[in-house]
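Residue numbers in the sequence shown follow our numbering, run continuously in steps of one, and reach 243 at the last position.
Built from N, CA and C at the ideal position, the CB exists for glycine as well.
Read the structure below first, then the notes.
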Amino acid sequence: IFRVVAEEPDWQLVIEGDTTFCEGEATYLLADGAACYLWSTGDTADSVYLSEPGTYSITGANTRGCEKSATFNIVEVPVPGLGYTLSKNTLDSRNNQLICSSENEAGVQYVWDMGDGSTETGSTVQHTYNISGNELAYTIILTATSQYGCAGNASVIVDVVPFVPNVFTPNDDGINDIFMAGIELEIFDRNGLSLYKGSEGWNGRYKGQTADPDTYFYYISYPDRFGQMQIRKGFVTLVR
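Here it is, written out as structure tokens:
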């Protein structure tokens, strides 16, 4: 009796997919080359989703039952830190420069959306805003991306408040002649007499007469980004 004995041809068990994934996400692995599979997770399909780091294995068998196995490590990559500091919490038309600083981790790219349509890159950036008077706030978004492509973002809102000068010169030269135009304002003298009330701005006059050079007190109200009225009190020096 003669029998032909043949050796099963060699075959490859191939695992495709990324063995690293970003924190809070998962990775997808696909096996190929066998007729059936058994993952260490208990899955028997040719693919598996893994959301926990660790050591995993797979065993594949061809149609004759010949088996091959593979072991691999799954690594969870943390998202870069998003700690940051700002040089100030409010801006106005004169104090319109902001410095933003974040943790400077190696291999991490930092991109800042400054909230005015522009972006800055780097762990520490300096940005100057063009504040026209209509803005109530800027939303700044920091996106940090690691060398593995893992990204996180954090946002902060910086309020825009009116700039109130401490001196104005209503001498009809076209420069600094009106105090706080476009905002609700009331002006008082040292005796508490109300000299002006309105939103056109004070021109340094009372009942058509020029007010004396002196220190006057103001009461300002303006809406914030929530639509609520904010109050500011202080003094301004009139110089002629």
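Coarse secondary structure for residue i, derived from DSSP in three states
i           : result
residue 232 : strand
residue 132 : coil
residue 208 : strand
residue 105 : strand
residue 31  : strand
residue 22  : coil
residue 177 : coil
residue 226 : strand
Pairwise C-alpha distance: residue j and residue i
i           : j           : result
residue 163 : residue 138 : 6 Å
residue 57  : residue 108 : 25 Å
residue 213 : residue 124 : 52 Å
residue 113 : residue 183 : 39 Å
residue 149 : residue 73  : 29 Å
residue 42  : residue 19  : 14 Å
residue 178 : residue 224 : 24 Å
residue 6   : residue 16  : 30 Å
residue 194 : residue 241 : 16 Å
residue 31  : residue 134 : 48 Å
residue 106 : residue 126 : 7 Å
residue 2   : residue 62  : Since the first residue shown for the chain is 4 and the last is 243, residue 2 is missing from the structure and cannot be characterised.
residue 189 : residue 209 : 12 Å
residue 181 : residue 28  : 58 Å
residue 132 : residue 90  : 14 Å
residue 215 : residue 174 : 12 Å
residue 169 : residue 238 : 7 Å
residue 9   : residue 46  : 32 Å
residue 243 : residue 172 : 6 Å
residue 207 : residue 176 : 13 Å
residue 151 : residue 54  : 17 Å
residue 100 : residue 228 : 20 Å
residue 129 : residue 76  : 42 Å
For residue i: DSSP bridge partner residues
i           : result
residue 116 : 122 and 144
residue 237 : 221
residue 40  : 63
residue 171 : 241
residue 53  : 30
residue 48  : Looking at the DSSP assignment, residue 48 forms no beta bridge with any residue, so it has no partner.
residue 160 : 142
residue 154 : 148
residue 17  : 35
Cutoff 8 Å; reference residue i; Cβ partners in own chain excluding five residues on either side
i           : result
residue 156 : 85, 144, 145, 146 and 147
residue 92  : 161 and 162
residue 83  : 106, 108, 111, 147, 148, 149, 153, 154 and 155
residue 191 : 197, 198, 219, 220, 221 and 222
residue 232 : 224, 225 and 226
Cutoff 7 Å; reference residue i; Cβ partners in own chain excluding five residues on either side
i           : result
residue 64  : 37, 38, 39 and 70
residue 79  : 24, 26 and 56
residue 186 : 165, 202, 223 and 225
residue 122 : 114, 115 and 116
Close Cβ partners of residue i (< 6 Å) along its chain, the five nearest in sequence each way excluded
i           : result
residue 159 : 143
residue 52  : 29 and 31
residue 95  : 164 and 166
residue 49  : 34 and 40
residue 118 : 141, 142 and 143
**Prompt:** Mind pulling the beta strand (DSSP E) runs of 3 or more residues that sit fully within the region 69-100?
**Reply:** 70-80 and 87-89
**Message:** Just to confirm the assignment: which complete beta strand (DSSP E) runs, minimum length 3, are found wholly within the region 182-208?
**Reply:** 187-191 and 197-201
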